[in-house]
Amino acid sequence: MDRPLESLIEPVLVAGDAAEALSLLPSRSVQTVVTSPPYWSLRDYEIVEQIGCDDGLAEYVKSIVVTFDALRRVLADDGTVWLNVGDSYTSGNRKYRAPDRKNRARAMSVRPPTPAGLKPKDLIGVPWRLAFALQDAGWWVRSEVIWYKPNAHPESVRDRPTKSHETVFLLSKNQDYFYDVGAVKGPNGRRLRTMWDINTEPRRRESGGVDDHPAVMPMTLARRCIRITSRPDDVVLDPYAGSGTTLLAAAELRRKWVGIELKSEYVDLIERRIAR
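Numbering of the sequence shown is given in this note's numbering, commencing with residue -13 and proceeding in unit increments.
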């Protein structure tokens, strides 16, 4: 696709940079966004122009704010964004991250430098740094949801509690927006709270190995977000589509969808998952 679309009738999957690809979508065509950009200093996706691997923290935050500036145009006036962001610790200026004996996938051969003003082993507070930057850019930060993982991966660390949660922000384009308060109930039928217990959902290849993407969003999380802030036939967008979980959840819930993904191998993965 090399020219702007006039409407979003069929599913759309774009391979490329998120901010650039958003220019191809019609204005005010998307009702809700459910997305999880690459986390800062936690993964190396081994692709040119990736974010979060060897760029500084300020550059990482700025790149997402720039993408969200482009996203604002395509979002409906009563539209919303669910933004899942993980936190990380400073590297102490180490240029790599060794594998944890309980989690070998955490190893990285490159790593961003420690941000100015922080000390070795500091918790950085990446989610709220990003939320404040988006707030300054004009977005409403409406809620902080704590995604608690009952089956969180163990860690070998012995001088702090094992990390078992991530942050999900609900952002809105305007003060008033669509939100279906009855779409998802909390425990005992009560109104949904800001603590969500959702297991991670690792997928397996038929051969028994872990699938290609190292950080797959749970379908349960994507479904919940989509149900709350969209209706059937609305358009759901993920500008950092990854393995395509948001897109599959949207299709399952009878929503239209748009996915944007930079890494071509993950575009292929999404196409395989959609075709199943």
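Even glycine gets a Cβ: it sits at the ideal position worked out from N, Cα and C.
Everything numeric in this text was worked out from a predicted model, so none of it was measured.
Nearest-angstrom Cβ-Cβ length linking residue i and residue j, presumed shorter than 8 Å
i             : j           : result
asparagine 70 : proline 136 : The Cβ separation is near 17 Å, so there is no contact.
alanine 235   : alanine 208 : 4 Å
DSSP state of residue i mapped onto helix, strand, coil
i              : result
leucine 234    : helix
aspartate 63   : strand
isoleucine -5  : coil
leucine 223    : strand
arginine 69    : Checking the sequence, you will find leucine at residue 69 rather than arginine. Strand at leucine 69.
isoleucine 110 : coil
proline 202    : Here residue 202 turns out to be valine, not proline, going by the sequence shown. Valine 202 falls in the coil class under three-state DSSP.
lysine 48      : helix
threonine 21   : strand
alanine 1      : strand
glutamate 257  : helix
Neighbour-count burial assignment, residue i, 16 or more Cβ in a 10 Å radius
i             : result
glutamate 247 : buried
valine 249    : Here residue 249 turns out to be lysine, not valine, going by the sequence shown. Classification of lysine 249: buried, given that the 10 Å Cβ count is 16 or more.
leucine 8     : buried
serine 142    : exposed
aspartate 183 : exposed
aspartate 220 : buried
glycine 270   : What the structure shows of the chain is the stretch from -13 to 262, and residue 270 is not part of that stretch, so it cannot be assessed.
proline 113   : buried
leucine 109   : exposed
serine 13     : exposed
glycine 124   : exposed
Closer than 7 Å: residue i CB and nearest the ligand HEM heavy atom
i            : result
arginine 176 : The model on display carries no ligand, and the ligand HEM is accordingly not part of it.
- Query: Three or more beta-carbon pairs under 8 Å between the segment 172 to 188 and the segment 42 to 56, yes or no?
  - Reply: Taking 8 Å as the limit for Cβ pairs, the verdict is that the segment 42 to 56 does not touch the segment 172 to 188.
- Every unbroken alpha helix (DSSP H) inside the segment 115 to 193 [4 residues or more]: Counting only runs of 4 or more, we get nothing.
- Task: Evaluate the contact criterion for the segment 146 to 165 versus the segment 207 to 221: three or more CB pairs, one atom per stretch, below 8 Å.
- Result: Proximity of the segment 146 to 165 to the segment 207 to 221 meets the contact definition, three or more beta-carbon pairs being nearer than 8 Å.
- Message: So, does the segment 53 to 61 touch the segment 143 to 156, judging by three or more C-beta pairs under 8 Å?
- Response: No, because fewer than three Cβ pairs between the segment 53 to 61 and the segment 143 to 156 fall closer than 8 Å, the two stretches do not touch.
- Given 8 Å, three or more beta-carbon pairs between the segment 14 to 22 and the segment 226 to 233: Between the segment 14 to 22 and the segment 226 to 233, the count of Cβ pairs shorter than 8 Å is three or higher; the stretches touch.
- Could you tell me whether the segment -9 to 3 touches the segment 235 to 244, using the rule of 3 or more Cβ pairs below 8 Å? The way I'd put it, the segment -9 to 3 does touch the segment 235 to 244; three or more beta-carbon pairs between them come closer than 8 Å.
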